[in-house]
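In case it helps, the UniProt record's numbering puts the sequence shown at residues 1 to 287.
All C-beta atoms in this analysis are idealised placements derived from N, C-alpha and C, irrespective of residue type, glycine included.
What follows is a single structure, written as structure tokens, with notes after it.
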Amino acid sequence: MSSVSTTAPNGARPVRRTWRLPITPLIGFGIVITYVSCALFAPWLAPYGEYQVVSDVPFGPWNSQNLLGTDQLGRDFLSRLIYGARNSMGIAFATTVVAFLIGGFIGIAAAAIRGWFDQVICRFVDSVMSIPDLVFTLMLLAIFGSSVWNLVLIIAALDSTRVFRISRAAALNVATLEFVEAAEARGEGVFWKVRHEILPNIMPILISEFGMRFCFVFLTIAALSFLGVGLQPPTAEWGSMVRDNAALINSGDITPLIPAGAIALLTIGVNFVADWLLGKSSGAQDV
């Protein structure tokens, strides 16, 4: 919360204006900070190691030693859940960064250069986006393998087409404004216009879009892991944890629903923050 004093008319006492963070981004920031803390401090928060077998009984019940029981191999489920935050969020974050570096750079360049370069890139992006993402991802993973690096690069390359569209549209809106045309009239180059005129004016939109894209990438990785082609065992990942322990649902055990709930809760929290940032950048909110 912050406040500022403004001068009132007729010599009256200054009026203090106060801004308060709305409840939804406050909840979102709380969720995100909690998840990031779990990811960063997983070795200290988890009671056991990520791969450590702690019980001879598969699918062990909840007890004082294993608060959420054990999985199909006798590993502590809570520890796997905490380490899964590091693996799932870390890989999704890295993938989103790579997607923005590729799509954002090419999108802004296309808007600044325009002409034939813009048309060629747009038609190529259209052709890639015409193929369903999941089908294309599964095909490429089948060809190149399901290693972590392949997973990051393939999803980032496909997701960069969406980033390209957003960054190009935002950059085109700025590139046609008078101050950019004045820079062109002064003889400024393309890179100077992008660095000093276009990029600073579209950065809030890109930041808010980053949160949205992170959610989509995070859910894609979870879905691929659930299908068995994402992060491979023994790495802890929430999507694969749901698949590996799904048999417990038949006996009324809600343990497989916990990583699914963790996925949903993080998505909600990031969207709360992204929606607030989008409102701030568009001027629709005063807080």
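**Q.** Residue environment, T176, which counts as buried when at least 16 other CB atoms sit within 10 Å
**A.** Looking up residue 176 in the sequence shown gives position 176. With fewer than 16 Cβ atoms within 10 Å of its Cβ, T176 is classed as exposed.
Q.
Taking the straight line between their C-alpha atoms, what separation do you get for R75 and T220?
A. Position 75 of the sequence shown holds residue 75. Position 220 of the sequence shown holds residue 220. For R75 and T220, the distance between alpha carbons rounds to 25 Å.
Q.
Is the beta carbon of A274 closer than 8 Å to that of M212?
A. Mapped onto the sequence shown, residue 212 falls at position 212. Mapped onto the sequence shown, residue 274 falls at position 274. Yes, these two residues count as a Cβ contact at 8 Å.
Q) Rounded to whole angstroms, how far is the Cβ of G60 from the Cβ of G69, which I believe are closer than 8 Å? A) Indexing the sequence shown from 1 puts residue 60 at position 60. Indexing the sequence shown from 1 puts residue 69 at position 69. Indeed they touch by this definition, with Cβ atoms about 5 Å apart.
**Q.** Candidates I82, G252, S146 and I154: closest to L45 by CA position
**A.** Looking up residue 45 in the sequence shown gives position 45. Considering only alpha carbons, the answer is I82.
(Q) Whole angstroms are fine: how far does the CA of I113 sit from the CA of I121? (A) Numbered from its first residue, the sequence shown carries residue 121 at position 121. Numbered from its first residue, the sequence shown carries residue 113 at position 113. Across the structure, I121 and I113 are spaced so that their CA atoms are roughly 11 Å apart.
Q. I108 and S167: beta carbons closer than 8 Å?
A. Taking the sequence shown and counting its residues from 1, the one referred to as residue 108 is at position 108. Taking the sequence shown and counting its residues from 1, the one referred to as residue 167 is at position 167. When the beta-carbon positions are compared, I108 and S167 come within less than 8 Å of each other.
(Q) I need the straight-line Cα distance from F179 to E197, nearest angstrom please. (A) Taking the first residue of the sequence shown as position 1, residue 179 is located at position 179. Taking the first residue of the sequence shown as position 1, residue 197 is located at position 197. Cα to Cα, the separation comes out at about 8 Å.
Q | For D76, the residue or residues it bridges with in DSSP | A | Looking up residue 76 in the sequence shown gives position 76. Partner(s): T70.
Q: Identify, in the order they occur along the chain, each residue of the same chain with its Cβ nearer than 7 Å to the Cβ of I106, setting aside the five sequence neighbours on each side.
A: Position 106 of the sequence shown, counting from 1, holds the residue named residue 106. Result list for I106: I121 and F164, in chain order.
(Q) Spatial neighbours of L40 within its chain, please: C-beta separation below 8 Å, excluding the five flanking residues on both sides. (A) One-based indexing of the sequence shown puts residue 40 at position 40. Only R86 meet the Cβ criterion.
Q: Tell me, please, whether the segment 23-36 touches the segment 263-270 by the rule of three or more beta-carbon pairs shorter than 8 Å.
A: They touch, by the three-pair rule.
**Q.** 8 Å Cβ cutoff met for W238 and S88
**A.** Position 238 of the sequence shown, counted from the start, is the residue given in the question as residue 238. Position 88 of the sequence shown, counted from the start, is the residue given in the question as residue 88. Contact flag set, yes.
Q) Going by C-alpha distance, which of L153, S251, F226 and N250 is nearest V242? A) Locating residue 242 in the sequence shown gives position 242, counting from the first residue. Each of L153, S251, F226 and N250 was checked against the Cα of V242, and the nearest Cα belongs to F226.
(Q) For F216 and N150, what's the separation of their Cα atoms in angstroms? (A) As a working note, residue 216 is residue 216 in the sequence shown. As a working note, residue 150 is residue 150 in the sequence shown. Answer to the nearest angstrom: the Cα atoms are 18 Å apart.
(Q) Less than 8 Å between C-beta atoms, sequence neighbours within five positions excluded: which residues of the same chain meet that for G228? (A) By 1-based counting over the sequence shown, the position of residue 228 is 228. These residues qualify, in order along the chain: S240 and R243.
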